[in-house]
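Written below as structure tokens is the structure these notes are about.
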Amino acid sequence: MTDATKEPIKIDGYHAHVYFDPATRAHAAQLRETIAGALGVECRELSDEPRGPHPVPQFRFTFTSAQFQTVVPWLMLNRDGLDVLVHPLTDNSYDDHSRYAVWLGNPVALRLNTMRRGYRPEQYPTPR
Ligand code: ZN
54 MTDATKEPIK IDGYHAHVYF DPATRAHAAQ LRETIAGALG VECRELSDEP RGPHPVPQFR
114 FTFTSAQFQT VVPWLMLNRD GLDVLVHPLT DNSYDDHSRY AVWLGNPVAL RLNTMRRGYR
174 PEQYPTPR
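See the structure below:
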């Protein structure tokens, strides 16, 4: 159980990771374009190789806490069968990808043992 009397955990934005495979790659590329347009977020390129804790191809985008209420409902309605991980950016990336994670669709078994605790600066949302 989380101890609610402790310091609240600070969230510095969120990542969404959209997973795909060879059969859904074109579909993921199209969704990526739609996301960039509809949500005004910066999407990274499709990553066809396993990357960090992600054992299968995916692309990622970053969004702010203020954008959460727009982005997450949009993904709920428009992910179109693709599996999506939404995780916060706290000071503990391991927890972010496990106990704090939200999945839309089916969870992917992440390689949590490969993770560093912190994030690189470019992994945070750009201040607007
Ligand atoms: Zn991430």
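Residue numbers 54 to 181, in the working numbering, belong to the letters of the sequence shown in order. Glycine included, C-beta positions come from ideal geometry on N, C-alpha and C.
Determine the burial state of residue i: buried for a count of at least 16 other Cβ atoms within 10 Å of its Cβ, exposed for fewer.
i: T167; result: exposed
i: A69; result: buried
i: H80; result: exposed
i: T179; result: exposed
i: R169; result: exposed
i: L138; result: buried
i: L130; result: exposed
Return yes when at least one heavy atom of the ligand ZN lies under 7 Å from the C-beta of residue i, else no.
i: R169; result: no
i: R104; result: no
i: R97; result: no
i: R173; result: no
i: R78; result: no
i: R113; result: yes
Return the Cβ separation of residue i and residue j in integer angstroms, given the expectation that the two are a contact with Cβ distance under 8 Å.
i: N108; j: V161; result: Note on residue identity: the sequence assigns Pro, not Asn, to residue 108. So it is a contact: roughly 7 Å between Cβ atoms.
i: P110; j: Y72; result: 7 Å
i: R82; j: W127; result: What sits at residue 82 in the sequence shown is Ala, not Arg. Going by Cβ atoms, the distance from A82 to W127 rounds to 18 Å, so no, they are not a contact pair.
i: F114; j: R97; result: 7 Å
Smallest Cα separation from residue i: which of the options?
i: R173; options: D144, F112 and V71; result: D144
i: I88; options: Y147, F112 and Y177; result: F112
i: V94; options: D149, G66, P103 and S100; result: G66
i: Y177; options: S118, S100, T77 and P103; result: S118
i: L142; options: E102, G134 and S151; result: S151
i: V124; options: R170, Y147, E102 and L157; result: L157
i: L163; options: S146, I62 and E175; result: S146
i: E175; options: T58, P103 and F116; result: F116
i: G134; options: G171, K63, K59 and R78; result: R78
* **Runs of beta strand (DSSP E) wholly within the segment 90-170 (minimum 3 residues, chain order)** => Counting only runs of 3 or more, we get 111-116, 137-141 and 155-157.
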